[in-house]
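Numbering (UniProt numbering), first residue to last: 1 to 183.
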């Protein structure tokens with residue numbers, strides 16, 4: 001059972017934090033020391049660090065979002081009535097080092113929800129230490145146990161080769177081609 005996001009905190013021992021401990025595995029770069037990483041739902045206290053990473057993420061994608069979109073997006077993460085989620089990865093000092101966002105949607109191919117992993121960002125200083133994989137695992141666990149989803153999918157830029165090195169370990173590459181029309 002997951003504690004509602006509005007009641008979650010970085011320090012309490014919620015059910016989702018227990019799941020994070022179960023999912024806890026040490027990932028390392030070749031030759032690097034083990035870095036303990038935990039994952040949990042985002043809380044209101046995480047907003048400054050999330051904004052820092054959100055800005056870096058959007059700069060990387062060359063997106064300039066209005067402030068009301070950023071503020072509204074963060075508010076959605078904390079609203080139990082909205083099925084848009086965010087989790088953070090923390091290092092051993094409980095410092096946020098990355099985030100992931102996701103949401104379920106209906107599908108004509110299944111009666112169960114499908115989950116779209118929307119955003120994934122890890123501090124460049126600690127990339128390759130396992131935070132990205134742990135964040136994806138967090139989404140998988142929540143999607144399966146709490147949302148009843150049978151699948152999770154996401155897109156990435158064709159040139160984002162470093163992320164794709166992780167993605168091929170965590171999921172199967174689809175044959176689908178993505179199309180988009182700005183309205």
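The beta carbon of each residue, even a glycine, is placed where N, CA and C say it ideally should be. Note that the structure is a prediction, hence the values are computed from the model and not measured.
**Prompt:** Quick one: what does DSSP say residue 167 is sitting in, helix, strand or coil?
**Reply:** helix
**Prompt:** Would the beta-carbon of residue 121 fall within 8 Å of that of residue 87?
**Reply:** no
**Message:** Within 10 Å of its beta-carbon, does residue 142 have 16 or more other beta-carbons around it, so buried, or fewer, so exposed?
**Reply:** buried
**Message:** Using the Cβ count rule (16 or more neighbours within 10 Å means buried), how would you classify residue 46?
**Reply:** buried
**Asked** Taking the alpha-carbon positions, what's the residue 91 to residue 116 distance?
**Response** 25 Å
**Request:** Take the Cβ of residue 134 as the centre, count every other Cβ of all protein chains shown within 10 Å, and call the residue buried at 16 or more, exposed below.
**Result:** buried
**Prompt:** residue 99 bridges to which residues according to DSSP?
**Reply:** 88 and 121
**Item:** Best match in 43, 59, 61 and 106 for proximity to residue 80 [C-alpha to C-alpha]
**Value:** 43
**Distance between residue 69 and residue 61 (C-alpha atoms, nearest Å)** = 16 Å
**Asked** Measuring CB to CB, does residue 125 end up less than 8 Å from residue 100?
**Response** no
**Request:** Have a look at residue 27 and residue 35 and give me their C-alpha separation to the nearest angstrom.
**Result:** Annotation note: pLDDT 36 at residue 27 (below 50); position unreliable, coordinate value reported separately. Residue 27 and residue 35: Cα-Cα distance of roughly 7 Å.
**Request:** Grab me the residues of residue 84's own chain with a C-beta within less than 6 Å of its C-beta, minus the 5 sequence neighbours each way, in chain order.
**Result:** 76 and 103
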